[in-house]
Amino acid sequence: MKKKEFERMLMMERESSAVEAALDRVGSRSSWWLWGVFALTTLPGAFNAMHIMSYVFLTTVPTHWCQVSELQAAGWNQQEIRTVSAPLASESNCFKYDWNYTLFASIGYNET
Numbered sequence: 307m308k309k310k311e312f313e314r315m316l317m318m319e320r321e322s323s324a325v326e327a328a329l330d331r332v333g334s335r336s337s338w339w340l341w342g343v344f345a346l347t348t349l350p351g352a353f354n355a356m357h358i359m360s361y362v363f364l365t366t367v368p369t370h371w372c373q374v375s376e377l378q379a380a381g382w383n384q385q386e387i388r389t390v391s392a393p394l395a396s397e398s399n400c401f402k403y404d405w406n407y408t409l410f411a412s413i414g415y416n417e418t
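Put into structure tokens, the structure is as follows:
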């Protein structure tokens, strides 16, 4: 071995023995410090995981359309309300025709 390699290996050995001595000294009293180190090293990972997964819940817009309370009160189901109140190929989920829904509710779905 060359002299520089030997010195580097010797220095690494000293550092590892110093770390082992410190661990022995601290670890002999209590193991709570180990749990503290564990918590401090895992908390950033947990926060990072929450941050990475947040887009799943924050970016998705569920399928929805405007509520027509007159037709719901008359007992119409969601498909019937959607068929009568909004065009099938509407660009917006909350677009609805400006019709007299009270009249529709009084005459029923089949008559409409």
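Okay, so the sequence shown: first residue is 307 according to the numbering used here, each after it adds one.
All residues carry an ideal CB built from backbone N, CA and C; glycine is no exception.
Please read these numbers as outputs of a predicted model, since none were measured by experiment.
Query	Result
Around the C-beta of F410, are 16 or more other C-beta atoms found within 10 angstroms, so that it is buried, or is it exposed?	buried
Would you tell me roughly how many angstroms separate the C-alpha atoms of M356 and W338, rounded to the nearest one?	26 angstroms
Return the CA-CA distance between C400 and F353, expressed in angstroms with no decimal places.	36 angstroms
Assuming the contact rule is C-beta atoms closer than 8 angstroms, Y407 and E386 should be a hit. Round their C-beta distance to whole Å, please.	Contact flag wrong, Cβ pair sits at about 12 angstroms.
Give me the residue from G381, P350, V362, L329 with the minimum Cα distance to G414.	G381
Can you tell me whether Q385 is helix, strand or coil according to DSSP?	helix
I need the DSSP call for S337, collapsed to helix, strand or coil.	coil
In three-state DSSP terms, what is H357?	helix
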